[in-house]
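S.K.:
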Amino acid sequence: MNSTIMKAIIKKDLRDIIRSKNLFAVLIIIPVLFSSVIPAAILSAALFLDLEELAGSDAERMISSFMTQLNRESIAFETVEQQFVFLFLNYMLPSLFLLVPIITASVVAANSFVGEKERRTLESLLFSPVSVKTLFVSKIIGSFLPSLLVSLASFVLSGIIINSLGYQLYGQMIFPSANWLVLIFWLSPMVSLLTVLLNVLISSRVKTYQEAQNIGGVIVLPVVAMMAGQASGLFLVGAGVTFIIGLGLLLVNLLLVSRMAKFSDRYMLFEKQIH
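The numbering used here numbers the first residue of the sequence shown as 1379 and each following residue consecutively.
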């Protein structure tokens, strides 16, 4: 593969993302919502409202049951508010946070090939001496990098918000926990890469951005199921389980990468995108 050509394609894709108001808006709005607005709202509610009274006895018993299962000893929880915020920040919010790399990677990667078609630049790429392998790898890297950078920036922003407000509630820094460290440095990159690989393959076979985004949106469903399972009390996903999930996704990613060359050829791309 020609590294110079790859860099040129990646830079071009990154410029296209910045120029597209819709794509750029998604890269800002979604991370701000999940990394700032939601944790700030939960922590503010715990600080200024009586959650124990609002939640009721049933919710209080459920929270106590969760805390018993976790057997948490490093932080002494004196109030229901502290217990609720701890559970939300370390078990519910990480699942929500996974939507940041998934959604950002989906919208960027889905735009990879069909975006070229809509801008009428794909035909020149297919007729150029650029190999299909180089084209696919460039598209994957060009989609993965924004998702990774947005996730890391969101993580830092979450830390600032959570520790600023959480210190008033706990009297100490509570972020990041082991769950968050495994999530952001292991699971999140694996999820981003899986989302990018699937969406690049999908977008190379459909003709409109809307088609690619709709099909790629199916990736969100497992995360929604995980959030529902934790919220209902069926299970809690800790650092160990998160690491194992990441290992599984790594194997899936390696399988997709190894088979990607078989899935794509210049004639197929020309037939799907130009005609």
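Glycine included, C-beta positions come from ideal geometry on N, C-alpha and C. None of these values were measured; they are calculated from a predicted model.
Should Asn1631 be counted as a contact of the ligand MN given a C-beta to heavy atom distance under 6 Å?
M.R.: No copy of the ligand MN appears in this structure; indeed no ligand is present at all.
S.K.: Where does Asn1400 land, buried or exposed, given buried means 16+ other C-beta within 10 angstroms?
M.R.: Asn1400 is exposed by the Cβ-count criterion.
S.K.: Taking DSSP as the reference, what is the three-state secondary structure of Met1551?
M.R.: Looking at Met1551 - three-state DSSP - the assignment turns out to be coil, as it is neither helix nor strand.
S.K.: Determine the direct distance from the alpha carbon of Gly1520 to that of Leu1392, and round the result to whole angstroms.
M.R.: Cα to Cα, the separation comes out at about 7 Å.
S.K.: Taking C-beta to C-beta, are Ile1539 and Ala1419 nearer than 7 Å?
M.R.: It is not a contact, given that the beta carbons lie outside the stated cut-off.
S.K.: Would Met1551 and Leu1627 be called neighbours here (beta carbons separated by less than 7 Å)?
M.R.: Their beta carbons are not under 7 Å apart, which means Met1551 does not touch Leu1627 by this criterion.
S.K.: Please report how far the alpha carbon of Phe1466 lies from the alpha carbon of Thr1512, in whole angstroms.
M.R.: Roughly 43 Å separates the two Cα atoms.
S.K.: Spatial neighbours of Leu1575 within its chain, please: CB distance less than 6 Å, with the 5 preceding and 5 following residues excluded, ordered by chain position.
M.R.: So the qualifying residues of the chain are Leu1634.
S.K.: What separation, rounded to the nearest whole angstrom, lies between the Cα atoms of Met1384 and Ser1516?
M.R.: Roughly 5 Å separates the two Cα atoms.
S.K.: Please classify Phe1412: is it buried, with 16 or more other beta-carbons within 10 angstroms of its beta-carbon, or exposed?
M.R.: Counting Cβ neighbours within 10 Å, Phe1412 comes out buried, since at least 16 surround it.
S.K.: Of the residues Ile1622, Ser1636, Met1604, Leu1625, which one's Cα is nearest the Cα of Tyr1469?
M.R.: Among Ile1622, Ser1636, Met1604, Leu1625, the Cα nearest to that of Tyr1469 is on Met1604.
S.K.: Tell me which residues share the same chain as Glu1451 and place their Cβ nearer than 6 Å to its Cβ, disregarding the 5 neighbours each side in the sequence.
M.R.: Reliability of the predicted coordinates at Glu1451 is poor, the pLDDT of 49 falling under 50, and no value is obtained from them.
S.K.: Nearest-angstrom Cα distance between Ile1622 and Leu1561?
M.R.: In a straight line, the C-alpha of Ile1622 is about 11 Å away from that of Leu1561.
S.K.: Excluding five sequence neighbours on each side, which residues of the same chain lie with their C-beta closer than 6 Å to the C-beta of Tyr1548?
M.R.: Cβ neighbours of Tyr1548 beyond the five flanking positions: none.
S.K.: Between Phe1563, Glu1459, Thr1457, Phe1426, which lies nearest to Ile1527 when the distance is taken from Cα to Cα?
M.R.: Per the sequence presented here, residue 1527 reads as Leu, with Ile not at that position. The option with the nearest alpha carbon to Leu1527 is Phe1563.
S.K.: What is the rounded straight-line gap between the Cα of Leu1405 and the Cα of Asn1577?
M.R.: Distance between the alpha carbons of Leu1405 and Asn1577 is about 17 Å.
S.K.: Between the beta-carbon of Val1478 and the beta-carbon of Ser1529, is there less than 7 Å?
M.R.: Their beta carbons are under 7 Å apart, which means Val1478 touches Ser1529 by this criterion.
S.K.: Which word fits Glu1456, buried or exposed, when buried means at least 16 other C-beta atoms lie within 10 angstroms of its C-beta?
M.R.: Glu1456 should be labelled exposed.
S.K.: Under three-state DSSP, which class holds Ser1509?
M.R.: Residue state, collapsed to three classes: coil.
S.K.: To the nearest angstrom, how far is the alpha carbon of Pro1524 from that of Val1463?
M.R.: Pro1524 and Val1463: Cα-Cα distance of roughly 30 Å.
S.K.: Which value, in whole angstroms, describes the spacing of the CA atoms of Ser1370 and Ser1636?
M.R.: Because the chain is modelled from 1379 through 1653, residue 1370 falls outside the range shown and cannot be assessed.
S.K.: So, with DSSP's three-state summary, where would you put Glu1451?
M.R.: Residue placement at Glu1451 is flagged as unreliable, the pLDDT there being 49, under the threshold of 50; a coordinate-derived value is accordingly withheld.
S.K.: Quick one: what does DSSP say Leu1427 is sitting in, helix, strand or coil?
M.R.: Residue state, collapsed to three classes: coil.
S.K.: Closest to Lys1389 by C-alpha separation, out of Leu1632, Val1596, Phe1522, would be which residue?
M.R.: Nearest option by C-alpha distance: Phe1522.
S.K.: Just the Cα atoms here: how many angstroms apart are Ile1518 and Phe1426?
M.R.: The straight-line gap from Cα to Cα measures roughly 45 Å.
S.K.: Once the 5 residues before and after Val1508 are set aside, which same chain residues still bring their CB inside 7 Å of it?
M.R.: Excluding positions up to five away in sequence, the list reads Ile1383.
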